[in-house]
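Engineer: Every position in the sequence shown, counted from 1, becomes a number in this note's numbering once 53 is added. Encoded as structure tokens, here's the structure I'll be asking about.
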Amino acid sequence: MLINGFEIGPRKNLIFADLSEANLSGANLAESNLTSAFLFNINLAGANLSHAHLSGARMVGADLQRANLAFAQMIGTSLFSANLERADLTGANLVGAFLFDAKLGSSKLSGANLTGANLMSADLSNADLSGANLVGADLDGANLIGANIDGANLFGANISNATMPDGSVVPDATVYIVA
54 MLINGFEIGP
64 RKNLIFADLS
74 EANLSGANLA
84 ESNLTSAFLF
94 NINLAGANLS
104 HAHLSGARMV
114 GADLQRANLA
124 FAQMIGTSLF
134 SANLERADLT
144 GANLVGAFLF
154 DAKLGSSKLS
164 GANLTGANLM
174 SADLSNADLS
184 GANLVGADLD
194 GANLIGANID
204 GANLFGANIS
214 NATMPDGSVV
224 PDATVYIVA
């Protein structure tokens, strides 16, 4: 499949590719290199992006519902207002990623590295964050109702105004206790 002059498929080199607005739902992009790609409002619902390189990609408003992003490299990726509901991000590297207002309900983030990630106002309801690294992450105003945070490292994370798994709201807090 050819989109905007770029061959779409597994293990493809799509560095700096502009695939904004494209409909790639269900596409297989496993192990592809999409570093610094322009993916604004792209439809990748149900797509396979496992082990893909998406660091620095701009995925504002992207539809990634049910997408497989397991072990993807997403360092500094911008996912502002992206829909990642029920997506598999197991073991993904999201260091410094921008997930402000992202929808991550019922997503799998077990073992993911979210160090320094911006998750302000993100919906993480019923998400699996077990064993995730959230050191220094900003969860201000995030919704964590029903989320599994067993074994997650929240050291230095800002959880001000976040709704915790039990439904309680933390008015103003940064975590400095390791359980």
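Note that the Cβ used here is the ideal one computed from N, Cα and C, for glycine as well. These numbers were taken from a predicted model, which means no experiment stands behind them.
#1: In this structure, what does DSSP give as the bridge partners for Ile56?
#2: Determine, using beta carbons only, whether Glu74 and Ile95 come nearer to each other than 8 angstroms.
#3: Look at the alpha carbon of Ala98 and the alpha carbon of Ile61, and state the distance between them as a whole number of angstroms.
#4: Out of Asn81, Leu137, Leu167 and Gly194, which one is the CA nearest neighbour of Arg119?
#5: Got a sec? Which residues, its chain only, sit under 6 angstroms from Asp193 by beta carbon, not counting five neighbours each side?
#6: For Phe240, which residues in the same chain have their Cβ closer than 8 angstroms to its Cβ, ignoring the five residues on either side in sequence?
#7: With distance defined between alpha-carbon atoms, name the residue in Asp116, Ala100, Ala105 and Ile198 nearest to Val223.
#8: Are Phe133 and Asp116 close, meaning C-beta to C-beta below 8 angstroms?
#9: Would you check if the distance between the CB atom of Leu82 and the CB atom of Pro63 is smaller than 8 angstroms?
Structural biologist: Result, derived from the coordinates:
#1: For Ile56, which the question treats as bridged, DSSP gives the partners Phe59.
#2: Cβ atoms of Glu74 and Ile95: closer than 8 angstroms.
#3: Going by C-alpha positions, Ala98 is about 15 angstroms away from Ile61.
#4: Checked all of Asn81, Leu137, Leu167 and Gly194; the closest Cα to Arg119 is Leu137.
#5: Same-chain partners within the cutoff: Met173, Asn211, Ser213 and Asn214.
#6: Nothing can be reported for residue 240: it is not among the residues displayed for the chain, which extend from 54 to 232.
#7: Looking only at Asp116, Ala100, Ala105 and Ile198, the smallest Cα-Cα distance to Val223 is reached by Ile198.
#8: No, these two residues do not count as a Cβ contact at 8 angstroms.
#9: Leu82 places its beta carbon less than 8 angstroms from that of Pro63.
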